[in-house]
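**Student:** Residue numbers (the numbering used here): 1 to 237. C-beta atoms are modelled at their ideal positions from N, C-alpha and C, and glycine is treated no differently. Computed from a prediction, not measured in an experiment: that's the story for all the values here.
(1) Output the distance between the C-alpha atoms of residue 229 and residue 190, rounded to the nearest integer angstrom.
(2) Taking the alpha carbon of residue 176 as the point to measure from, which residue in 161, 215, 206 has its own alpha carbon closest?
(3) Using beta-carbon positions only, say whether residue 184 and residue 97 come within less than 9 Å of one another.
(4) Taking C-alpha atoms, which residue in 101, 78, 128 lies nearest to residue 210?
(5) Thinking C-alpha only, which one of 122, 76, 151, 75 is nearest residue 110?
(6) Kindly indicate which residue of 103, 80, 186, 194 has the alpha-carbon position closest to the one of residue 164.
(7) By the 10 Å Cβ neighbour count, where 16 or more other Cβ atoms means buried, how is residue 303 classified, buried or exposed?
(8) In or out: residue 131 buried (at least 16 other Cβ within 10 Å) or exposed?
(9) Is residue 137 buried or exposed, if buried means 16 or more other CB atoms sit within 10 Å of its CB?
(10) I'd like the list of long-range same chain contacts for residue 222, defined as Cβ closer than 7 Å, with 5 residues on each side in sequence excluded.
(11) Should residue 217 go down as buried or exposed, given a rule of 16 or more other Cβ atoms within 10 Å for buried?
(12) Hey, would you say residue 144 sits closer than 9 Å to residue 76, going by beta carbons?
(13) Can you check which of these residues, 92, 123, 141, 94, is closest to residue 79 by C-alpha distance?
(14) Helix, strand or coil, according to DSSP, for residue 105 in the structure here?
(15) Using the Cα positions of residue 172 and residue 107, report the straight-line distance between them to the nearest angstrom.
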């Protein structure tokens with residue numbers, strides 16, 4: 001250590017250049033690490049897309065159209081509404097949730113990515129009556145595009161894996177719930193049979209699939225449907 005200090009004392013004019021070279025080398029290493037981390041992130045994203053079930057590894061980057069006056073915002077909003085409608089088909093249809101439980105499981109990476117993309121699109125959506133600038137409209141359009149792609153990935157993955165994440169006993173419970181669900185919404189069944197089947201469905205799904213309040217309300221309306229009126233007998237000849 002003393003020798004180093006003595007060298008630095010005699011050759012002070014070399015200390016700062018050497019220090020600069022050292023910091024430059026460190027900066028280069030850090031930059032290489034950052035680039036490597038970004039590359040790994042892209043590779044992981046590509047792998048997730050491939051594993052999601054048939055989408056190409058590299059999705060084409062959508063070319064944003066130049067913002068125009070008039071109905072451009074309405075077209076973007078229509079795209080958003082279409083994805084939301086397709087998502088609600090899963091959220092409100094208990095039969096679909098049983099068949100493809102990953103669509104309601106935020107622990108699944110692609111489902112979580114879809115929910116994040118939805119939140120971003122919701123946050124940048126122009127308010128009612130707002131006339132967005134070209135930059136704001138592009139931001140919303142890009143967010144909706146991400147929302148569309150994320151939903152496609154999550155849906156394909158959910159249809160690919162189905163109930164693979166569950167144990168054999170849990171899959172048996174899902175199968176039982178699906179069968180009972182058919183009875184619960186069967187108009188040919190008696191009201192009592194529907195109610196008993198409905199309660200069994202809820203029991204079988206408890207701890208396996210989370211049902212939103214809207215899904216429960218939607219299902220209960222189906223269960224409570226009136227039995228079709230009997231056809232009056234034809235008069236005797």
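**Tutor:** In terms of the structure at hand:
(1) Low confidence applies to residue 229: its pLDDT is 47, below 50, so where it sits in the model is not reliable enough to give any reading.
(2) Relative to residue 176, the option among 161, 215, 206 whose CA is nearest is 206.
(3) With respect to residue 97, residue 184 sits apart: the two C-beta atoms are not nearer than 9 Å.
(4) For residue 210, the nearest C-alpha among the options comes from 101.
(5) That would be 151, whose Cα lies nearest to the Cα of residue 110.
(6) Answer by Cα proximity: 103.
(7) Not covered by the structure: residue 303. The range shown for the chain is 1 to 237.
(8) It is exposed - the Cβ of residue 131 has fewer than 16 other Cβ atoms within 10 Å.
(9) With 16 or more other Cβ atoms within 10 Å, it is buried.
(10) Result list for residue 222: 185, in chain order.
(11) Exposed.
(12) Yes, these two residues count as a Cβ contact at 9 Å.
(13) Closest in alpha carbon position to residue 79, among 92, 123, 141, 94, is 141.
(14) Three-state DSSP puts residue 105 in coil, outside helix and strand.
(15) In this model, residue 172 and residue 107 are separated by some 22 Å (Cα to Cα).
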